[in-house]
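For the sequence shown, position 154 (counting from the first letter as 1) is numbered 154 according to the UniProt record's numbering, and the numbering increases by one without interruption.
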Amino acid sequence: MCSESGGILDDVIAYRISKKDFLLVVNSSNIEKDFDWVASHSQDAHVENITDQMALLALQGPASEEVLKAAKLDASELMRFHLITTKLFDVDCLLARTGYTGEDGFEIFFSSSHTEIWDKLLEIGTDFGIKPVGLGARDTLRLEAGLMLYGNDIDEKTTPLEAPLSWTVKFDCDFIGKSALEKQQVERKLVGFEILGTNRIARKDNAVLVDDLKAGIVTSGNFSPTLSKSIGFCFVPVSVSNEQTIQIEIGNKPYDAKVTGTRFYKRG
């Protein structure tokens with residue numbers, strides 16, 4: 001979702017529920033900003049903020065489809081980024097095959113009054129090794145999968161052409177920010193990196209050096225349990241190439257790092 005200047009207002013998912021009804025899922029930190037922006041551009045459409053009425057539960061991992069099947073909900077035909085209206089434990093809900101982990105998974109939307117869904121899923125999922133996890137684990141997974149975090153990797157000062165999100169804008173149709181993006185001379189890009197020779201972790205705003213000169217900043221960094229190495233995202237000049245060695249300052253000391261794509265892990 002772009003501003004007039006082409007900056008990223010938020011990274012959202014829009015679902016079409018019916019011919020005239022849409023569900024917009026936004027970042028929790030941007031609820032009011034996004035609602036005000038959409039409402040101000042709604043023309044004759046009705047826009048309603050139902051955040052406080054709804055709960056979103058993310059069921060993620062290779063066994064997620066089997067857990068739903070054990071709960072008498074067959075989602076085997078549901079395609080990625082598609083959404084259906086269904087029932088789970090006799091509760092009306094919306095089910096989408098998506099997530100923020102890089103694994104197969106589902107996001108379940110239902111009335112926030114039905115907290116029993118959490119307990120019942122944990123109970124049914126016991127035989128599948130289900131576990132409740134928090135934002136720390138999710139952050140590691142999304143980084144390994146090459147998924148950007150709004151506020152860290154992308155923001156209103158970043159355009160989809162600088163981040164690897166050019167696929168989200170189609171220049172054969174009109175959209176807010178199109179004119180600015182058509183004129184943009186891209187000078188920087190978001191890339192992945194692997195720290196070489198150490199497991200020290202780069203953190204947001206650590207300096208990135210190219211040929212011993214500061215040329216960018218780290219936006220995300222963490223240790224990858226899957227890959228057993230320190231990884232992250234950073235902005236560098238567009239002239240920097242894949243596999244090129246750069247330096248990341250950690251604790252005022254430069255460490256060699258290899259430029260990579262933003263996707264470190266792809267599920268089989």
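Where a beta carbon is used, it is the ideal one built from N, C-alpha and C, also for glycine. Remember, it's a predicted structure, so these values are computed and weren't measured experimentally.
Distance, residue j Cα to residue i Cα
| i | j | result |
| --- | --- | --- |
| residue 156 | residue 126 | 42 angstroms |
| residue 196 | residue 217 | 17 angstroms |
| residue 73 | residue 65 | 9 angstroms |
| residue 291 | residue 52 | In the structure displayed, the chain extends from 1 to 268; residue 291 sits before or after that span and is not available. |
| residue 3 | residue 158 | 10 angstroms |
| residue 61 | residue 118 | 16 angstroms |
| residue 145 | residue 137 | 13 angstroms |
| residue 75 | residue 96 | 9 angstroms |
| residue 236 | residue 187 | 9 angstroms |
| residue 21 | residue 194 | 43 angstroms |
| residue 148 | residue 12 | 12 angstroms |
| residue 190 | residue 9 | 17 angstroms |
| residue 63 | residue 50 | 30 angstroms |
| residue 166 | residue 160 | 5 angstroms |
| residue 265 | residue 205 | 24 angstroms |
| residue 198 | residue 99 | 31 angstroms |
| residue 82 | residue 229 | 34 angstroms |
| residue 181 | residue 262 | 22 angstroms |
| residue 19 | residue 40 | 22 angstroms |
| residue 255 | residue 139 | 23 angstroms |
Helix, strand or coil at residue i according to DSSP, with G and I counted as helix
| i | result |
| --- | --- |
| residue 209 | strand |
| residue 196 | coil |
| residue 51 | helix |
| residue 72 | coil |
| residue 18 | coil |
| residue 224 | strand |
| residue 169 | coil |
| residue 67 | helix |
| residue 256 | strand |
| residue 174 | coil |
| residue 92 | strand |
Cβ shell of residue i (< 6 angstroms), same chain only, five flanking positions each side left out
| i | result |
| --- | --- |
| residue 172 | none |
| residue 38 | 47 |
| residue 154 | 8, 148, 163 |
| residue 1 | 9, 10, 12 |
| residue 35 | 49 |
First and last residue of the uninterrupted alpha helix (DSSP H) at residue i
| i | result |
| --- | --- |
| residue 136 | 135–144 |
| residue 116 | 116–124 |
| residue 39 | 31–40 |
| residue 181 | 178–183 |
For residue i, the first and last residue of its enclosing beta strand (DSSP E)
| i | result |
| --- | --- |
| residue 24 | 22–25 |
| residue 83 | 83–88 |
| residue 3 | Looking at the DSSP string, residue 3 is not in any beta strand (DSSP E), and its letter there is neither H nor E. |
| residue 270 | Absent from the model: residue 270. The displayed extent of the chain is 1 to 268, so no value can be given. |
| residue 107 | 105–111 |
| residue 249 | 245–250 |
Own chain, CB closer than 7 angstroms to residue i, minus 5 neighbours either side, in chain order
| i | result |
| --- | --- |
| residue 93 | 86, 87, 108, 109, 110 |
| residue 244 | 259 |
| residue 14 | 22, 24 |
| residue 270 | Because residue 270 is not part of the residues shown, which for the chain are 1 to 268, the question remains open. |
| residue 152 | 204, 219, 220 |
| residue 91 | 110, 114, 117 |
| residue 226 | 144, 265 |
Residues near residue i by beta carbon distance below 8 angstroms, same chain, minus five either side
| i | result |
| --- | --- |
| residue 43 | none |
| residue 150 | 8, 10, 11, 27, 29, 30 |
| residue 132 | 122 |
Contact under 8 angstroms by Cβ, residue i with residue j
| i | j | result |
| --- | --- | --- |
| residue 221 | residue 202 | yes |
| residue 121 | residue 55 | no |
| residue 58 | residue 134 | no |
| residue 240 | residue 248 | no |
| residue 23 | residue 31 | no |
| residue 141 | residue 102 | yes |
| residue 67 | residue 130 | yes |
| residue 192 | residue 6 | no |
| residue 231 | residue 200 | no |
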